[in-house]
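Residue numbers (the working numbering): 2 to 211.
Each remark here refers to the structure printed beneath this line.
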Amino acid sequence: MELDGRAVRRLFGAMAATIAAHAEELTRLDQAIGDGDHGSNMQRGFDAVLADLDRIAAKPLPEALTALGTTLVMKVGGASGPLYGTLFMQLGRALPAGAGLAELATAGDAALAAVKARGKSNTGSKTMLDVLAPVLAALRGGDPATLGERLPRVADAAADATVPMLALRGRASFLGERSIGHMDPGARSSALLIAAACRAFGPTAKGDAA
Ligand SMILES: [Mg+2]
Numbered sequence: 002m003e004l005d006g007r008a009v010r011r012l013f014g015a016m017a018a019t020i021a022a023h024a025e026e027l028t029r030l031d032q033a034i035g036d037g038d039h040g041s042n043m044q045r046g047f048d049a050v051l052a053d054l055d056r057i058a059a060k061p062l063p064e065a066l067t068a069l070g071t072t073l074v075m076k077v078g079g080a081s082g083p084l085y086g087t088l089f090m091q092l093g094r095a096l097p098a099g100a101g102l103a104e105l106a107t108a109g110d111a112a113l114a115a116v117k118a119r120g121k122s123n124t125g126s127k128t129m130l131d132v133l134a135p136v137l138a139a140l141r142g143g144d145p146a147t148l149g150e151r152l153p154r155v156a157d158a159a160a161d162a163t164v165p166m167l168a169l170r171g172r173a174s175f176l177g178e179r180s181i182g183h184m185d186p187g188a189r190s191s192a193l194l195i196a197a198a199c200r201a202f203g204p205t206a207k208g209d210a211a
């Protein structure tokens, strides 16, 4: 995880690009079981990250992650701003400089615990946690060389698995049984961000376009 400024730029740029490309889809998902603002909220947050990317990418990875989280807290709003903000801020705080995969997983544990505390939630409630927890588990197992293809598959399957769930947290929980049959928007955006992060470092990763 010793990422230079170019790599941080590629990582955050890929995350912003996938949110922009899927903003309408996220909004449609949120219209079904929420208030329909998840796509526009997330896009506003990542647009702000892009606008500040020179400053953010000049920092070492842990500080860059914290800055990403701070920007998302300030710009995304709704429920997902504080939750994504907490995720990235805590990940940045818990990640030592020059960390390897083991330290990334440990920092991921701390970030996941912080999101659970912030949202007073846990897995099984039809939230982003239902994607983040299995992805973190997969980060610890198997061949590190195949993580880049495995993690997006795990994330997609986990987001799909929120469809039959009953929402127990957030606005969707007000719908009760009517929340069943729809994918959780936060689970989908989490899966998108994970896939983008893996693509940014996969064998087919394109060079820094900026
Ligand atoms: Mg919403």
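Backbone N, C-alpha and C define an ideal beta-carbon position, used for all residues, glycine too.
- Query: Alpha carbon to alpha carbon, how far is residue 28 from residue 141?
  - Reply: Roughly 32 Å separates the two Cα atoms.
- Task: Pick helix, strand or coil for residue 180, following the three-state DSSP scheme.
- Result: helix
- In whole angstroms, what is the alpha-carbon distance linking residue 150 and residue 107? Cα to Cα, residue 150 sits roughly 21 Å from residue 107.
- Message: Give me, in chain order, the residues of the same chain whose beta-carbon lies closer than 7 Å to that of residue 207; leave out the 5 immediate sequence neighbours on both sides.
- Response: Confidence at residue 207 is low in this model, with a pLDDT of 47, below 50, so its placement is unreliable and the value that follows should be read with caution. Within the same chain, residue 207 has no close Cβ partners at all.
- Would you check if the distance between the CB atom of residue 133 and the CB atom of residue 191 is smaller than 8 Å? yes
- Message: Is any non-hydrogen atom of ligand 1 found closer than 7 Å to the C-beta of residue 45, if you look at the structure I gave you?
- Response: no
- Message: Are the CB atoms of residue 112 and residue 88 within a distance shorter than 8 Å?
- Response: yes
- Query: Using 8 Å as the Cβ pair cut-off and three pairs as the minimum, do the stretch 93–107 and the stretch 116–132 touch?
  - Reply: As far as the Cβ criterion goes, the stretch 93–107 does not touch the stretch 116–132, which means the pair count is below three.
- Assign residue 103 to one of two classes, buried (16 or more other C-beta atoms within 10 Å of its C-beta) or exposed (fewer than that). Label assigned to residue 103: exposed.
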